[in-house]
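Take a look at the structure below.
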Amino acid sequence: MTASNPGINRRDVLHIAAASGAASLVASQVDAASDGKDRPLEIVDTNVSLFHWPFRRLPLDVTEKLVKKLRSLGVTQAWAGSFEGILHRDMATVNQRLVRECRQSPELVPIGSVNPLLPDWENDLQRCFQQHDMPAVRLHPNYHGYPLTDPRFARLLQIATAAGRFVQVATLMEDTRTQNPLVRVADVDLGLLVDQVKRVRGARVQVLNWRPRSPLLEKLAAVPGIYFDVARVDSTDGVPQLMSKVPAGQVLFGSHAPFLVPEAALIRTHESGQLDLESMQQLLASNARRFLGKGKP
Amino acid sequence: MKAGATYLGLPDAEQLSSYRIWDSYFTPSHSNPGADGSSRLIAEVERALPAIRKSRFEKACYFPHVGIGTTTDAALEKKLRANPDLVLKPLQRWPKLLLGMIQLNANDVKTSLDALNRWLRDGPMRGVYFTGSGPGAVACSHRNMIPLVERIASLGGVIMQHTWFKTGGKTGPEQSTPAELAQLAAKFPEQEFLCAHAGGEWQKGIRAVREQENILVETSGFDATAGFIEMAVREVGAKRIVFGSHLPSRSLGTELGKVVGAEISEADKRLILGQNYRRLLKVEAS
């Protein structure tokens, strides 16, 4: 995993990039970031998934291809969940495969799947944390069939928080208008998240794939433990608008690749030209690094 | 031509310029231009300009209301009828960037036919937009569409039809699906139609229009779901795909990202991003 290196200079960057076949990319980023810092923007993608989307093949659903694409875009770390976690019920093997796959690419950080409606789900959770040392688990409450007021979600949040880990809640994976008619699920009701997070001291939840809307955004943003990604934050200035409404540090870059084209979320961060370089770096990596490092005792 | 460097997902300026991007679906203040007839629309164009400039768009086509009952704002409708110059304000302000296609009211055929004379025959508009919602919308299978399409075809106009295939079916009778557009297009084999949003659920949308060769697929209006452009190129061919930005309510990332991130040739990207649309507008040979 490539950590941010404040001492790195342009020649070093180009040397490393040439070795990995990404020289033109990195050179362009170095040139674009020509404010004297002389290094490319680091990118941490907090929202990718491995393996096969259940309803169709995706161009990047082979891990090697996905990683190659992420590298070409300058992504140095990607938090990877598993599409298998949506519908499979043998979560131990889902998470085992994920860990094995992530070992092949130093950029990938495995994020396990847990379905708290399954019997003995606590065992899956403990394996994620103790056996696999995952920093987080990813939940799909809509596909697994529970509201966020379910006491098992509260219990899961307590266990994760006590273990110094965080929880990702996928608000949706696919627009309800385009879902398979036999597998239709509504978006997760995030209005129920506010009280749940407030009740667990130190809890950290990252909301994935949500398209922010008022007044719910303001309610969620007022809770210090709730973080957001930008995978589906649309409109030409949607990302800077979100950052202006949410306390500093609580918006993390995420692409929802390979379901969505990874370029989409990246371009949206800078197309309006409203974010300065420092804000860009916070969004693209620093906030995620800080978030990841917060929990563990 | 080989792809060059990218910066945070966006091709470099030289590459973007080489694409010669013509945006067929620019939606500043799409449902209402503002009570005074233009201010909200102009503000929304300005909001989109950083993205438009960054990606080197050559042209963007928007869809003005012309006072024929396509909004729910009676005062605005009256104002636009009394003062058609209001409609022209954005075109006058950005003459190099903008081109327009009027929104028609298919519930009012006579008024729409008059509007076609005023705005399409006499210019400067280049075609029409049939919306999927609001007081001017009807399903494109409706009989009212026939005289309108006949007239548009006789004037050489471009037709953009809003379409969606929604899981669970239409949420209103005024909405259109790609399958209905295919039926309409079959009646007018000499006229080309743009299937806006590829039906949203594009796996079905592309299939529905695949055999109807006078339908081109427009790319905007839904998440940047991977594989869309690849399937469209495979099934209908790159010559039948036209880029739309849906700016500023959607984004360059979502919409341009679909094309620049697709696993297709650079030649196909140039067709999709501008060449096909210019052919449709008869400003460039095929």
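Chains as they are written, first to last, in this note's numbering: chain A, -5 to 291; chain B, 16 to 301. We put the CB at the ideal spot given by N, CA and C, even for glycine. All of these numbers come straight from a predicted model, not from anything done at the bench.
Beta-carbon of residue i versus every beta-carbon of chain A: anything under 8 Å?
i	result
A28(B)	no
P65(B)	yes
D238(B)	yes
G149(B)	no
A282(B)	no
A241(B)	yes
K69(B)	yes
If the cut is a Cβ gap below 7 Å, which residues of chain A does residue i touch?
i	result
V60(B)	Those do not exist, as V60(B) stays about 11 Å from chain A at its closest Cβ, beyond 7 Å.
G215(B)	R171 and T172
E278(B)	P53
P193(B)	Correct list: empty, because the minimum Cβ distance to chain A is about 13 Å.
K181(B)	R171
So, is residue i buried or exposed, given that buried needs 16 or more other C-beta atoms within 10 angstroms?
i	result
S32(B)	exposed
G172(B)	buried
A16(A)	Confidence at A16(A) is low in this model, with a pLDDT of 39, below 50, so its placement is unreliable and no value can be given for it.
L176(A)	exposed
Q244(A)	buried
I161(B)	exposed
E278(B)	exposed
A74(A)	buried
E205(B)	exposed
N174(A)	exposed
P256(A)	buried
D231(A)	buried
T143(A)	exposed
R207(A)	exposed
A223(B)	buried
Q118(B)	buried
Q227(B)	buried
Is any beta-carbon of chain B found at less than 8 Å from that of residue i?
i	result
S266(A)	yes
D29(A)	Residue confidence for D29(A) is low, a pLDDT of 43 falling below 50, so the modelled location carries little weight and cannot support an answer.
T165(A)	no
R283(A)	no
T87(A)	no
D270(A)	no
P206(A)	no
R83(A)	no
P175(A)	yes
R178(A)	yes
L60(A)	no
S273(A)	no
G287(A)	no
Which chain A residues sit within Cβ distance under 8 Å of residue i?
i	result
K273(B)	V255 and A258
Q218(B)	R50
A154(B)	Going along chain A, no residue has its Cβ under 8 Å from A154(B), so there is no contact; the nearest lies around 17 Å.
L262(B)	T230
Name, please, each residue of chain B whose Cβ falls closer than 7 Å to the Cβ of residue i.
i	result
D228(A)	R265, S266 and T269
T263(A)	L23
P252(A)	A241
Check the C-beta distance from residue i over to residue j and give it rounded, since I have them as a contact under 8 Å.
i	j	result
V108(A)	M85(A)	6 Å
L23(B)	H250(A)	Actually they do not touch by this definition, with Cβ atoms about 16 Å apart.
D228(A)	S53(B)	Not a contact, Cβ separation roughly 25 Å.
G289(B)	I36(B)	5 Å
A279(A)	L254(A)	Going by Cβ atoms, the distance from A279(A) to L254(A) rounds to 20 Å, so no, they are not a contact pair.
V131(A)	E101(A)	So it is not a contact: roughly 20 Å between Cβ atoms.
N89(A)	H126(A)	6 Å
K284(B)	Y34(B)	6 Å
A241(B)	L54(A)	6 Å
F160(A)	Q200(A)	6 Å
P48(B)	H80(B)	6 Å
T234(B)	A258(A)	Wrong, their Cβ atoms sit about 12 Å apart, outside the cutoff.
Check whether the Cβ of residue i lies closer than 8 Å to any Cβ atom in chain C.
i	result
E245(B)	The question asks about chain C, but that chain is absent: this structure's protein chains are A and B.
Going along chain A in order, which residues have a C-beta closer than 9 Å to the C-beta of residue i?
i	result
A223(B)	Within chain A, no residue comes near A223(B); the closest Cβ sits about 14 Å away, beyond 9 Å.
So is the beta-carbon of residue i under 7 Å away from any non-hydrogen atom of the ligand PLP?
i	result
V42(A)	In terms of ligand content, the structure shown is empty, and the ligand PLP therefore cannot be addressed.
Using a cut-off of 8 Å between C-beta atoms, extract the partners of residue i located in chain B.
i	result
L277(A)	None at all; the shortest Cβ gap to chain B is about 11 Å.
Using the beta-carbon of each residue, which ones in chain B are nearer than 9 Å to residue i?
i	result
L67(A)	T21, L23 and G24
**OP:** Quick one: which unbroken alpha helix (DSSP H) runs of 4-plus residues sit fully inside the region 33 to 113 of chain B? Chain order, please.
**Re:** 54 to 69, 89 to 97 and 100 to 108
Subject >> Entirely enclosed alpha helix (DSSP H) segments - the region 169 to 257 of chain A, minimum 4 residues >> reply: 187 to 193, 210 to 215 and 232 to 239
Subject >> Whole beta strand (DSSP E) elements within the region 152 to 207 of chain B, 3-residue minimum >> reply: Runs found: 173 to 177.
Subject >> Runs of alpha helix (DSSP H) wholly within the region 245 to 283 of chain B (minimum 4 residues, chain order) >> reply: 267 to 275
Subject >> Whole runs of the alpha helix (DSSP H) within the region 94 to 160 of chain A, excluding any shorter than 4 residues >> reply: 115 to 120, 135 to 138 and 145 to 156
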